[in-house]
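Numbered according to the UniProt record's numbering, the sequence shown spans residues 1 to 410.
In this text, a Cβ means the ideal position worked out from N, Cα and C, and glycines have one as well.
For clarity, every value in this text was computed on a predicted model and none was experimentally measured.
Heads up: the structure comes next, in structure tokens.
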Amino acid sequence: MFRWIVAGFFAAWPFAASGDPLLRSSDATIRVGNLMPYTGQLAAFGAIGRAEAAYFRMLNERGGINGRTVEFISYDDSSDPLQAVDLTRNLVEAENALFVFGSFGTPSNLAVRKYLNEKRIPQLFVASGDDQWANPKDFPWTMGWPPAFRTEGRIFANYIQAYYPEKKIGVLWQNDEFGRDLFRGMQEGLGDAARMIVADTAFDATDRSLGAQLDLLHKSGVEILVFDGAPAMAAQVIRRLGESGWHPVLILDNAAASIANALRPGGLENAIGVISTAFLKDGSDPAWKDDVAMKEYLAFMDRYYPEGDKEDSYAVFGYAVAETLAQVLRQCGDDFSRENVMQQAQSLKNFRSSVTLPGIAITTSPSDFRPVKEMRLVQFDGRSWQPIGQLFDNAFTGPGGASGTTGNAR
1 MFRWIVAGFF AAWPFAASGD PLLRSSDATI RVGNLMPYTG QLAAFGAIGR AEAAYFRMLN
61 ERGGINGRTV EFISYDDSSD PLQAVDLTRN LVEAENALFV FGSFGTPSNL AVRKYLNEKR
121 IPQLFVASGD DQWANPKDFP WTMGWPPAFR TEGRIFANYI QAYYPEKKIG VLWQNDEFGR
181 DLFRGMQEGL GDAARMIVAD TAFDATDRSL GAQLDLLHKS GVEILVFDGA PAMAAQVIRR
241 LGESGWHPVL ILDNAAASIA NALRPGGLEN AIGVISTAFL KDGSDPAWKD DVAMKEYLAF
301 MDRYYPEGDK EDSYAVFGYA VAETLAQVLR QCGDDFSREN VMQQAQSLKN FRSSVTLPGI
361 AITTSPSDFR PVKEMRLVQF DGRSWQPIGQ LFDNAFTGPG GASGTTGNAR
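Quick look at the structure:
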């Protein structure tokens, strides 16, 4: 079992006695619990947790939060919901975590949501775009962080209608909540034009090959292939298409658009022209070479996460969401009760992470539990992701314009 604690220079972590670990003014630490898939099929996403650990290490070296260090206690659940239940209980009942932060994936977070809400323990900034993290009425202690999967599906639908209104669409989707949400959003976005979808086929995250599914889509005459799944499978699709005579327009979900974990393994030359979405800056994009914030991020990677890949979008994700949590904790002042942590999480006003795209501001409220709402379409040019249009949430009006824009993306 992977266990990772970040607590300052000497890795000292005094645990409180059993009971409700509400921080008092004499406490020197803020205990933060986390689950990540450091092993297993989705291990690529473990870079999120490693970047978060590195961020809190940097933060502690700089004095911590309001005079307190952050203890980041991260367990490996291999994206197994059964493990997630046991490990979350251990984080709360044995490790005395004040709250759970940034845990990855839909199934694992759903498995522990009821437990955390019944105990009134914040389940903050879940690393999943499922709509279920934005339900403050029924689950007031659970909040997501990235844009919704359904929003991304609607973005793809509107883009296709604007640029390829007569093309046949095929959808290759992961058979879980993640895959279903994006596919549902795409169908909603297409509306009556959903007839453009001539074939769709699902796969399990444990499948070793997608050959049969791709052959089915090819035989169906698909001209636009929308892939919704994990990066390892995306790499397989990119490579297979590059080696075949079938070259549909390929659209990847944001989670599968990592240069480090999908495009490079699939062959960068094969990925030229691929479409996706983005809400974070791309560490490989020369457009950010003079950006102060990205210089700071790259310096952070060199010093605190040197084994990480600077082109790994999951590392950028971890850095950005850790910045957001740091803001919440600063707003807590000297009151680190669970109630106040949750109150501050729903009181963010135009907070801007240094590595989200310009124009994206995070605002939350007691009725708005979706911190990051905007994305933009991007296309891979063989080296980095280049923008298509401007920032928008779910509507695209056609070549050269967007509705729902929040300002220029760059």
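Excluding its 5 nearest sequence neighbours in each direction, N340 has C-beta neighbours in its own chain below 7 Å: C332, listed in chain order.
Here the alpha carbon of P122 sits roughly 15 Å from the alpha carbon of R370. Following the DSSP letters along the chain, one finds N34 inside the beta strand (DSSP E) bounded by residues T29 to M36. In the structure shown, Q41 falls within a coil segment according to DSSP collapsed to helix, strand and coil. In the DSSP assignment, Y75 falls within the beta strand (DSSP E) that extends over T69 to D76. Taking L190 as reference, the option from D204, K168, L263 and F203 with the minimal CA-CA separation is K168. Closest option to S103, judged by alpha-carbon separation, among D80, E118 and I155: D80.
Distance from the CA atom of A293 to the CA atom of R352, rounded to whole angstroms, is 11 Å. Linking F336 to D77 through their CA atoms gives a straight-line distance of about 27 Å.
The criterion of a C-beta distance shorter than 7 Å is not satisfied by E311 and G267. Taking the Cβ atoms as the reference, V92 lies roughly 13 Å from K114, outside the contact range of under 8 Å.
Taking C-beta separations shorter than 7 Å and ignoring five residues to either side along the sequence, the partners of Q83 in its chain run D77, following chain order.
In this chain, the alpha helix (DSSP H) harbouring Q83 covers P81 to E93. For Q174, the enclosing beta strand (DSSP E) begins and ends at I169 to Q174. By the neighbour-count criterion, in which a residue is buried when 16 or more other Cβ atoms sit within 10 angstroms of its Cβ, T364 is buried. In terms of Cα proximity to A322, the closest of E71, G67 and A43 is E71. Counting only unbroken stretches of 4 or more residues, the alpha helix (DSSP H) elements lying wholly within the region 306-347 are 313-331 and 338-345, in sequence order.
Note on N96: 16 or more other CB atoms within 10 angstroms of its CB, so buried under the neighbour-count rule. The straight-line gap separating the alpha-carbon atoms of W133 and D207 is approximately 27 Å. Assignment of V292 by DSSP, reduced to helix, strand and coil, places it in the helix class. The residues A47, A51 and G308, in chain order, have a CB closer than 6 Å to that of A315 in the same chain once the five nearest residues on each side in sequence are set aside. For N350, the number of other beta carbons within 10 angstroms of its own is below 16, and it is reported as exposed. Separation of the CB atoms of L357 and R383 is rounded to 18 Å, and the pair is thereby denied contact status at 8 Å. Secondary structure note for V237: its alpha helix (DSSP H) is the uninterrupted segment P231 to E243. In this structure, DSSP gives R376 an extended state, which the three-state scheme calls strand.
Secondary structure in the region 108-180: the beta strand (DSSP E) runs of 3 residues or longer, each lying completely within the stretch, are 123-126, 142-144 and 169-174 in chain order. Annotated three-state conformation of F369 is coil, per DSSP.
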